[in-house]
Amino acid sequence: MASGPRPGWSLGSSHVGPHVVPVRAARGHLLVTVAELIAWGEGVGRAVRPPMIIAISGPLGAGKTTLIQAICRGYGVVEPVTSPTFALVHEYSAPRSRVFHMDLYRLAGPADLTLIGWDEIVAAHALIVVEWPERAGDRLPAGHVPIDLEYVEGDDTRRVLLAG
Ligand SMILES: Nc1ncnc2c1ncn2[C@@H]1O[C@H](COP(=O)(O)OP(=O)(O)O)[C@@H](O)[C@H]1O
Ligand SMILES: [Mg+2]
0 MASGPRPGWS LGSSHVGPHV VPVRAARGHL LVTVAELIAW GEGVGRAVRP PMIIAISGPL
60 GAGKTTLIQA ICRGYGVVEP VTSPTFALVH EYSAPRSRVF HMDLYRLAGP ADLTLIGWDE
120 IVAAHALIVV EWPERAGDRL PAGHVPIDLE YVEGDDTRRV LLAG
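If you count the sequence shown from 1, position 83 lands on 82 in numbering that gives the first Met the number 0, and the numbers rise without skipping.
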């Protein structure tokens, strides 16, 4: 979890920028259906400006790709956004900047990060969305926006959305 100011934008923290999540949810969570998650993600996509790194954690099937598809749509990506599980990284174009969607699930080790051009990508003036960000270890830049999706016990239609 990143700490400290995140210049330009925040997810409910009191530092700077508009609150995408209601203030009271700053260190809490929202319980969301898939439709609510998609609507929230589209709003995030409309609000963000590059450079921006959004790191989305959570177990398989939690909704990371679903959320990223919504963020990309809100950001203006018109191409279909598909899971880059095997390619590790997909690049899209949008009016405000390029978009890099990375899925580090199959990352074998730090050498793979170098292979996919990690350092150049995270330094780019772009929107960067990352699934399984913890696999990047300390090479995940400190200024990223952390989002976490978790299952709700006994309810497969909702997820816990933790942001900030
Ligand atoms: N509240 C919810 N939020 C997100 N996904 C949900 C929710 N309820 C059910 N789902 C389903 O869970 C699946 C999530 O898949 P996906 O986004 O690929 O997950 P991940 O990328 O985390 O592995 C989708 O089939 C989606 O329809
Ligand atoms: Mg996924």
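By construction, the Cβ of each residue, glycine as well, lies at the ideal position given by its N, Cα and C atoms. None of these values were measured; they are calculated from a predicted model.
Practice item. Give a yes or no on whether the C-beta atoms belonging to I120 and A69 are separated by under 8 angstroms. Key: For this step, residue 120 is matched to residue 121 along the sequence shown. For this step, residue 69 is matched to residue 70 along the sequence shown. No; because the gap between Cβ atoms is not below 8 angstroms, this pair is not in contact.
Review point. If we ignore side chains and look at the alpha-carbon of each, how far apart do P94 and G42 end up?
Key: Locating residue 94 in the sequence shown gives position 95, counting from the first residue. Locating residue 42 in the sequence shown gives position 43, counting from the first residue. Between P94 and G42, the C-alpha separation is close to 16 angstroms.
Check your understanding: Based on the DSSP output, what are the partners of D147 in its beta bridges?
Key -> For the purposes of this step, residue 147 is taken as the residue at position 148 of the sequence shown. Partner(s): S56 and L161.
Review point. Any heavy atom of ligand 1 closer than 7 angstroms to the Cβ of E130?
Key: Taking the sequence shown and counting its residues from 1, one reaches residue 130 at position 131. Yes, Cβ of E130 sits closer than 7 angstroms to a heavy atom of ligand 1.
Practice item. Along the alpha helix (DSSP H) that carries I120, what are the first and last residues, could you check? Key: Translated into the one-based positions of the sequence shown, residue 120 becomes position 121. Looking at the DSSP string, the run of the alpha helix (DSSP H) that includes I120 is W117 to A122.
**Study point:** For T84: DSSP bridge partner residues
**Key:** The residue you call residue 84 lines up with position 85 of the sequence shown. Looking at the DSSP assignment, T84 forms no beta bridge with any residue, so it has no partner.
Check your understanding: Contact between the region 134-143 and the region 101-115: three or more CB pairs below 8 angstroms?
Key -> yes
**Study point:** For V20, the three-state DSSP class (helix, strand or coil)
**Key:** Here residue 20 refers to the residue found at position 21 when the sequence shown is read from its first residue. Its pLDDT being 48, under 50, V20 is placed unreliably by the model, and the measurement read from it follows with that caveat. DSSP places V20 in coil when its eight states are reduced to three.
Practice item. Please determine if the region 147-161 and the region 70-78 are in contact, where contact requires at least 3 C-beta pairs separated by less than 8 angstroms. Key: no
Exercise for review: Please look up how many angstroms separate the CB atoms of H143 and I67, rounded, as I've assumed it's under 8 angstroms.
Suggested key: Locating residue 143 in the sequence shown gives position 144, where the first residue counts as 1. Locating residue 67 in the sequence shown gives position 68, where the first residue counts as 1. 14 angstroms between Cβ atoms; not a contact.
Check your understanding: In whole angstroms, what is the alpha-carbon distance linking R157 and V33?
Key -> Position 158 of the sequence shown holds residue 157. Position 34 of the sequence shown holds residue 33. Answer to the nearest angstrom: the Cα atoms are 7 angstroms apart.
Exercise for review: Taking R138 as the reference, give the member of T65, E152 and A110 with the closest Cα.
Suggested key: Taking the first residue of the sequence shown as 1, we reach residue 138 at position 139. The shortest C-alpha separation from R138 is found at A110.
**Study point:** A25 in three-state terms, based on DSSP
**Key:** As a first step, residue 25 must be located in the sequence shown, where it is residue number 26. Its pLDDT being 49, under 50, A25 is placed unreliably by the model, and the measurement read from it follows with that caveat. Coil at A25, not helix or strand.
**Study point:** Three-state secondary structure assigned by DSSP to V47
**Key:** By one-based count along the sequence shown, residue 47 stands at place 48. Coil at V47, not helix or strand.
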